[in-house]
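Comments concern the structure below.
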Amino acid sequence: KRVHLENSLVLVTGASAGIGRELALLLTSRGADVILVARTASALEEVAETINGRGWGGRAYPYACDCSNEVEVDSMMKKIRDIAEGLGPDILVNCAGQGRWDFLDQLTDSEIKSAIDAPVMAAALLSRAVITDMMRKGGGIIMNVQSPACSTSWAGATAYISARWALRGLTTALRADLQKSNVLVQEIILPGVASDYWKHNPGSKEKIPWLSRYL
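Basically our numbering = 1-based index in the sequence shown + 1.
Given below as C-alpha cells:
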C-alpha cells in the first residue's frame with residue numbers, strides 16, 4: 002500500500018527538538034497530521050503551537066511520553082486511537098535518542114541504560130504497538146532515524162554506539178518479520194546536525210575528528 006503524506010497520521014518521537022522537530026514541521030507542511038512525542042511536555046507544546054499557529058497544513062498533537070516505558074506507551078496509544086478512528090498512525094518515525102559519549106568505565110548505570118532505552122527500547126515498544134493497526138489498514142511505514150554510529154565505532158562513546166548498532170539490528174530483524182506484509186521498515190542515516198546535544202555534551206566532537214567536517 003502506498004502511503005501519501007496528505008491526510009496521513011504520523012507519529013514522530015524526539016519531536017521536541019532537533020531532527021524530530023524539523024521533521025514534524027516538514028511533515029505538517031506536506032499535509033500530514035503529526036503526533037509529537039517526547040518526554041518534555043512544555044517543549045512539545047511550543048512545537049505544536051508553532052505548527053498549529055500557521056493556519057495551514059496538517060495539525061500537531063503533543064503527547065508527553067517516556068517511550069521506553071511500556072505502561073506509558075500503552076496509555077498514549079489508547080489516546081491516539083481515539084483520534085484515529087480506532088487505528089494507530091500510518092507512519093511511525095523513531096527519532097528519539099540520547100546518550101553521553103564517554104568510555105564505559107566513566108558512565109553510570111543510569112547513563113548506560115538511558116543511552117540504550119531512548120533509541121532501542123522506545124523503537125521496539127512503539128513498533129510493536131503500531132504493527133497490528135498498520136496491517137489492519139493495509140500497510141504503513143516504520144522509519145528509524147539513525148546516526149553514522151550504527152555502522153562504525155570510535156573510542157569514547159561505548160554505550161551510544163552499542164545502542165545504535167542494536168537499533169540497526171532491530172530494523173533488519175523487524176523488516177524480515179514483516180517482509181510478507183505491506184508494512185515497510187526503513188532506516189535513514191543522517192550525518193551530524195546542529196542541535197542542543199553538542200551544547201549539553203561538550204567535548205563530544207573532539208572524540209571523532211572526522212565528524213567535524215559534517216557539523
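Here a beta-carbon is modelled for each residue, glycine too, at the ideal position from N, C-alpha and C. On a predicted model such as this, the values are computed, not experimentally measured, just so you know.
Local conformation of residue i per DSSP, three classes
i: G19; result: helix
i: Y215; result: Note that Y215 scores a pLDDT of 45, beneath 50, so its modelled location is shaky and nothing firm can be said.
i: G89; result: coil
i: A61; result: strand
i: A33; result: coil
i: N183; result: coil
i: T14; result: strand
i: G170; result: helix
i: N53; result: helix
i: Q147; result: strand
i: A39; result: strand
i: E46; result: helix
i: E7; result: coil
Option nearest residue i by Cα separation, candidates the options
i: D106; options: L12, M144, N53, A156; result: A156
i: W166; options: Q147, E50, A177, D178; result: Q147
i: G139; options: I20, L179, L127, A123; result: L179
i: A61; options: S182, V131, R31, S76; result: R31
i: S43; options: E112, F104, C66, A174; result: C66
i: L93; options: L108, A158, D134; result: D134
i: N95; options: G54, C68, M136; result: C68
i: I52; options: V72, V38, R22; result: R22
i: E71; options: S128, I189, L185; result: S128
i: G98; options: L12, L108, L168, M136; result: L168
i: S182; options: T41, M136, R40; result: M136
i: D103; options: V184, T41, S154; result: S154
Residue burial classification, residue i (beta-carbon count within 10 angstroms, cutoff 16)
i: D110; result: exposed
i: G141; result: buried
i: I143; result: buried
i: N145; result: buried
i: S76; result: exposed
i: L27; result: exposed
Through-space distance from residue j to residue i, alpha-carbon basis
i: R214; j: K79; result: Low local confidence applies: a pLDDT of 48 at R214 is under 50, so the model's placement there is unreliable, with the coordinate-based value given in what follows. When rounded, the distance between both Cα atoms is 44 Å.
i: A1; j: L88; result: Given a span of 2 to 216 for the chain in the structure shown, any question on residue 1 remains unanswerable.
i: G56; j: G19; result: 23 Å
i: S163; j: I117; result: 8 Å
i: A16; j: S152; result: 24 Å
i: I1; j: A25; result: What is shown of the chain runs 2 to 216, which leaves residue 1 out entirely.
i: L191; j: V131; result: 24 Å
i: L6; j: R176; result: 22 Å
i: S9; j: A160; result: 35 Å
i: V186; j: T173; result: 8 Å
i: S82; j: A158; result: In the sequence as displayed, the identity of residue 82 is Arg instead of Ser. Cα to Cα, R82 sits roughly 38 Å from A158.
i: A85; j: V13; result: 15 Å
i: L216; j: E188; result: Legend: pLDDT at L216 = 44, less than 50; position of this residue unreliable, value from coordinates given subsequently. Each residue's Cα considered, the two are about 21 Å apart.
i: V11; j: D91; result: 6 Å
i: G54; j: R101; result: 35 Å
i: V38; j: S115; result: 17 Å
i: P120; j: L108; result: 18 Å
i: R40; j: G170; result: 25 Å
i: V184; j: E73; result: 24 Å
CB contact below 9 Å: residue i versus chain C
i: V74; result: The chain inventory of the structure shown lacks chain C, comprising one protein chain alone.
Q: Determine, using beta-carbon pairs with one atom in the stretch 52 to 71 and one in the stretch 32 to 41, whether at least three such pairs fall under 8 Å.
A: Contact check between the stretch 52 to 71 and the stretch 32 to 41: three or more CB pairs, one atom from each, fall below 8 Å, which counts as touching.
Q: Would you be able to state if there are at least three C-beta pairs under 8 Å between the stretch 40 to 48 and the stretch 122 to 133?
A: At 8 Å Cβ cutoff, the stretches do not touch.
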